[in-house]
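Below is one structure, written out as C-alpha cells; comments come after it.
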Amino acid sequence: MLPGFKLTLGFTLFYLSLIVLIPLSALIFKTFSISWDQFITAVTSERVVASYKLTFGASLIAALVNAVFGLLIAWVLVRYDFFGKKIIDALIDLPFALPTAVAGISLTALLTSNGWVGQYTEKLGVQLAFNPNGIVIALIFIGLPFVVRTVQPVLEDAEKELEEAATCLGATRIQTFTRVIFPSIAPALLTGFAMAFARAIGEYGSVIFIAGNMPLVSEITPLIIIGKLEQFDYAGATSVAVVLLAFSFMMLLTINALQTWQRKLTGAAL
Amino acid sequence: MSSPNQNMRSKAETTESPIVRLLLIGVALVFLFLFLVLPLATVFSEALSKGFTTYLNALGEPDALSAIKLTLVTAVIAVPLNLIFGVAAAWCIAKYEFRGKSLLTTLIDLPFSVSPVVAGLIYVLIFGAQGWFGSWFEEHGIKIIFAIPGIILATIFVTFPFIARELIPLMQAQGSEEEQAAIVLGASGWQTFRYVTLPNIKWGLIYGVILCNARAMGEFGAVSVVSGHIRGETNTMPLQVEILYNEYQSVAAFAVASLLALLALVTLAIKSAFEWKHSREMKKLADLPPERPY
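These protein sequences, in sequence, are chains B and L. For the first sequence, the tail end lands on 269 under numbering that gives the first Met the number 0, and the numbers increase by one without skipping. For the second sequence, the tail end lands on 293 under numbering that gives the first Met the number 0, and the numbers increase by one without skipping.
Structure representation (C-alpha cells):
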C-alpha cells in the first residue's frame with residue numbers, strides 16, 4: 000500500500016469543499032430564503048423568458064453547426080494529409096486558449112459594417128453584429144473545439160477492417176459511412192454536441208460585445224444575472240442562476256452517460 | 000466489371016475519390032479560416048492600425064500596466080494552489096480504490112459546467128455586503144468582493160479542474176507498480192513521489208499548468224462579477240479590454256487584447272510540443288520488442 004492516501008484524499012476533499020461545494024451550496028441556501036412566488040416571478044418575467052429562448056435557441060443552432068463542421072474537420076484531420084495540417088490541428092484549440100473577451104471584441108470588429116467580413120455581408124443586406132446572428136457566430140467560435148476534440152480520437156481508433164469488410168460486401172462509400180462509421184462515432188459526436196451546447200448556454204464574455212444586448216431581443220440569460228446584480232437584486236439574480244445551474248447539472252449527467260456509452264461501444268469493438 | 004476497375008476499387012475502398020477529398024478539405028479550411036484565422040488576425044491588425052508607437056504607448060498606460068500586474072498576481076496565486084490540488088487529487092484517485100471515487104471525479108469537473116457568471120455570483124452571495132460572511136469581514140476591515148481576494152477566488156474556481164483532469168487519466172494509465180517497488184526498496188512517500196512519480200507525469204503536469212494559466216489570465220465573466228471595475232485597482236487585463244473597448248478606445252483595447260492573444264498562441268505552441276513529444280514516447284514504447292530484456 001502506497002503512503003499518502005489519507006493526506007491526499009483529505010486535502011482534495013477540503014479544497015473541493017472550500018472552493019466549489021460550500022460556495023455552490025450558498026447559492027442553494029440563498030434560494031431557500033426566497034419565497035416561491037418571488038422565485039416564480041423572477042424566473043418567468045417576460046424579459047427573462049425572452050432571454051431563455053434566445054440563449055437556448057442560439058446555443059442549439061451553434062451546437063448543431065459545430066456538430067456538422069466539427070465532424071467534417073475531425074474527419075479531414077484524421078483521414079487526409081494536406082499541407083499545414085499540423086498547424087491547423089494546433090489551431091483548433093484556439094477558442095479554448097483565447098480569452099473570451101478578446102474573442103468577443105475581435106469578432107465584433109470583424110462583423111461590424113466596416114469590418115473585414117461585415118462590409119460585404121452588409122451589402123448583401125445581412126447584418127451580423129449587434130443582433131442574434133452575432134450571438135450564434137460567437138457561440139460557434141466558442142464551441143468548435145469540443146466536437147472536434149471528442150470525435151477525433153474515436154475516429155483515429157476506428158478499425159479500418161470494418162470499413163474494408165463493408166466495401167467487400169458491396170457497400171458504397173456513403174453506405175459505409177452512414178451504416179458503419181457513423182454509428183461507431185455517434186456517441187462521441189453527441190458528447191461533443193452536448194459539451195458545446197452546455198458551454199454556449201453559460202457563455203458570457205464572447206457574446207456581450209457582439210450581441211447588442213437589447214432587452215427582449217438580444218439579451219442572454221447570463222447578462223440578465225449581471226443586470227440584476229448591478230441593481231442589487233440578489234434574490235432575482237440567484238433565482239435565474241439556479242435555473243442555469245440546474246441546467247448545467249442536467250447537461251453534466253447527460254455528458255457522463257454519453258461518455259459511458261462511447262466507452263462501452265469502443266470496449267466492445269476491441 | 001473488368002479487372003482493372005476491380006483493382007481501382009479495392010485501392011479506394013477505405014477512402015473517398017480525390018474530388019470528394021479536395022472538396023471536404025476545402026470546406027473545412029474555409030470554415031476554419033473564417034472562424035479561427037480571421038478573428039485572430041483581426042486582433043493584431045486592429046492593435047497595430049495606428050502604428051507601432053501608438054501600440055506601445057497604449058501598453059505603457061498606467062492603467063494597462065496595473066491590469067497586467069494584477070493579472071500576473073492572480074495567476075501566480077491561483078495556478079500553484081490548483082497545481083497542489085491537482086497532484087493530490089490525482090494521487091488519491093489514480094493510486095487507490097475507494098467508495099465514491101467516480102462521484103469525486105465528477106465533482107472535480109463541476110466548475111467546467113457552471114456558467115462563469117454564476118461562479119462569480121456564488122462568491123458575491125458569500126462574501127458580499129449582504130452575504131453570509133460579508134458583515135464579519137467588513138467589521139474586520141477585509142474587503143473580498145470588489146477587491147483582489149474576490150478576483151483570485153473566482154479565478155481559482157473557474158480554473159479548478161484543469162490540472163487534476165490532465166493528471167488523473169495519466170496517472171491511472173501508469174498504474175502504481177513503479178511506486179510500489181520504490182516503497183519496497185525503502186524510499187519514503189515523498190522520495191517516491193519526487194523521484195518516481197514526478198518524472199513520469201512531468202509533461203502532463205506542464206501541460207495542465209499551461210492550460211490552467213491561460214484560463215486564469217483570460218477569465219472574464221466570473222472576474223467581472225466580483226471585480227467592481229475600479230480602474231487601476233481591480234481591473235485584470237480582460238476587464239481592461241472591456242473598459243477600453245466600451246470607451247471607444249479601440250486601439251488601446253486591442254493592444255491589451257493582443258498580449259492575451261499572444262499568450263493563447265504560446266499556450267497552443269507548448270501544447271502541440273507536448274502532444275508531439277508524448278506521441279513520440281508512446282511510439283517508442285510500442286516499438287519495443289514484446290519481451291523486454293531486463
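Every residue gets a Cβ at the ideal spot worked out from N, C-alpha and C, and that includes glycine.
Exercise for the section: Quick one: grab the DSSP three-state call for P292(L). Expected result: Low confidence applies to P292(L): its pLDDT is 46, below 50, so where it sits in the model is not reliable, and the reading given next is rough at best. DSSP places P292(L) in coil when its eight states are reduced to three.
Problem - First through last residue of the alpha helix (DSSP H) which encompasses E178(L) - result: E176 to V183
Handout entry: Distance between beta carbons of A89(B) and G345(B), contact taken as under 8 Å
Key = Beyond the ends of chain B as shown, which are 0 and 269, falls residue 345(B); an answer cannot be given.
Handout entry: Ordered list of beta strand (DSSP E) runs contained in the region 133-164 of chain B, each at least 3 residues
Key = Qualifying beta strand (DSSP E) stretches: none in this window.
Practice task
Would you mind sorting M216(L) into buried or exposed? The rule is 16 or more other CB atoms within 10 Å of its CB.
Solution key: buried
Practice task
Determine the contact status of L215(B) and V123(L), defining contact as a CB-CB distance below 8 Å.
Solution key: Contact flag unset, no.
Exercise for the section: Using a threshold of 8 Å, state whether the C-beta atoms of G220(L) and G204(B) are closer than that. Expected result: yes
Exercise for the section: Might you give, ordered along the chain, the residues of its own chain that have their beta carbon closer than 6 Å to the beta carbon of A260(L), omitting 5 neighbours on each side? Expected result: Excluding positions up to five away in sequence, the list reads V42.
Handout entry: Closest residue to F192(L) among V78(L), E15(L) and V86(L) (Cα-Cα distance)
Key = V86(L)
Exercise for the section: To the nearest angstrom, report how far apart F196(B) and S183(B) are at their CA atoms. Expected result: Here the alpha carbons of S183(B) and F196(B) stand approximately 21 Å from one another.
Exercise for the section: Show which residues of chain C have a CB atom less than 7 Å away from the CB atom of Y122(L). Expected result: The structure shown contains no chain C; its protein chains are B and L.
Problem - C-alpha distance - Q5(L) paired with T149(B), whole-angstrom precision - result: Residue placement at Q5(L) is poorly supported in this model, since its pLDDT is 46, which falls under 50; the coordinates still yield a value, given next. Approximately 36 Å between the Cα atoms of the pair.
Practice task
Starting from T41(L), follow the alpha helix (DSSP H) in both directions and report where the run begins and ends.
Solution key: L37 to A46
Problem - Simplified DSSP assignment, three categories, for H228(L) - result: Correct three-state label for H228(L): coil.
Exercise for the section: Starting from the Cα of E218(L), find the closest Cα among W35(B), L97(B), I87(B) and I60(B) and give me that residue. Expected result: L97(B)
Exercise for the section: Quick one: which residues of the region 171-182 of chain B get their C-beta closer than 7 Å to a C-beta of chain L? List them in chain order. Expected result: R172
Problem - Residues near V47(B) by beta carbon distance below 8 Å, same chain, minus five either side - result: The answer, listed in chain order, is A41, T220, I223 and V239.
Exercise for the section: Could you name the residues of the region 156-182 of chain L whose beta carbon sits closer than 8 Å to any beta carbon of chain B, in the order they occur along the chain? Expected result: Contacts with chain B (Cβ-Cβ distance below 8 Å) from the region 156-182 of chain L involve F156, F159, S175, E178, Q179 and I182, listed in chain order.
Handout entry: the region 140-158 of chain L contacting the region 228-235 of chain L, beta-carbon criterion three pairs below 8 Å
Key = yes
Handout entry: Residue-level contact to chain B via CB, T105(L), 8 Å cutoff
Key = By this cut-off, T105(L) is an interface position.
Problem - Proximal chain B residues relative to I150(L), where beta-carbon distance stays under 8 Å - result: None at all; the shortest Cβ gap to chain B is about 14 Å.
Exercise for the section: Could you spell out where the alpha helix (DSSP H) holding A16(L) opens and where it closes? Expected result: The amino acid occupying residue 16(L) in the given sequence is Ser; Ala does not appear at that position. In the DSSP assignment, S16(L) falls outside any alpha helix (DSSP H) and carries neither an H nor an E.
Handout entry: Boundaries of the alpha helix (DSSP H) in which T191(L) is found, first to last residue
Key = G188 to T191
Exercise for the section: Pull up the distance between the alpha-carbon of E158(B) and that of I180(B), whole angstroms please. Expected result: 9 Å
Problem - Where the alpha helix (DSSP H) through A100(B) begins and ends - result: T99 to L110
Handout entry: Residues near A163(L) by beta carbon distance below 7 Å, same chain, minus five either side
Key = F84, G85, A88, A89 and I107
Exercise for the section: Express the C-alpha separation of E15(L) and G50(L) in angstroms, rounding to a whole number. Expected result: 48 Å
Practice task
Kindly indicate if chain L contains any beta-carbon less than 8 Å away from that of Y51(B).
Solution key: no
Exercise for the section: Mind checking which residues open and close the alpha helix (DSSP H) that includes I155(L)? Expected result: Boundaries of the alpha helix (DSSP H) harbouring I155(L): I147 to T158, taken from the DSSP string.
Handout entry: Whole-angstrom distance between W260(B) and G103(B), CA atom to CA atom
Key = Whole-angstrom Cα-Cα distance: 35 Å.
Exercise for the section: Label P110(L) either buried or exposed according to how many other C-beta atoms from any shown protein chain fall within 10 Å of its C-beta, with 16 as the threshold for buried. Expected result: buried
Exercise for the section: Compute the Euclidean distance between the alpha carbons of G169(B) and T175(B), then round it to the nearest angstrom. Expected result: 9 Å
Handout entry: Contact set between P79(L) and chain B, taken where Cβ atoms lie within less than 8 Å
Key = In chain order: nothing, as chain B lies at least about 13 Å away.
Problem - Collapsed DSSP secondary structure at E246(L) in the structure displayed - result: The three-state reading of DSSP puts E246(L) in coil, since its state is none of H, G, I, E or B.
Exercise for the section: Could you tell me whether the Cβ atoms of C211(L) and F156(L) are closer together than 8 Å? Expected result: no
Exercise for the section: Could you tell me the distance, in whole angstroms, from the CA atom of V64(B) to the CA atom of L31(L)? Expected result: 13 Å
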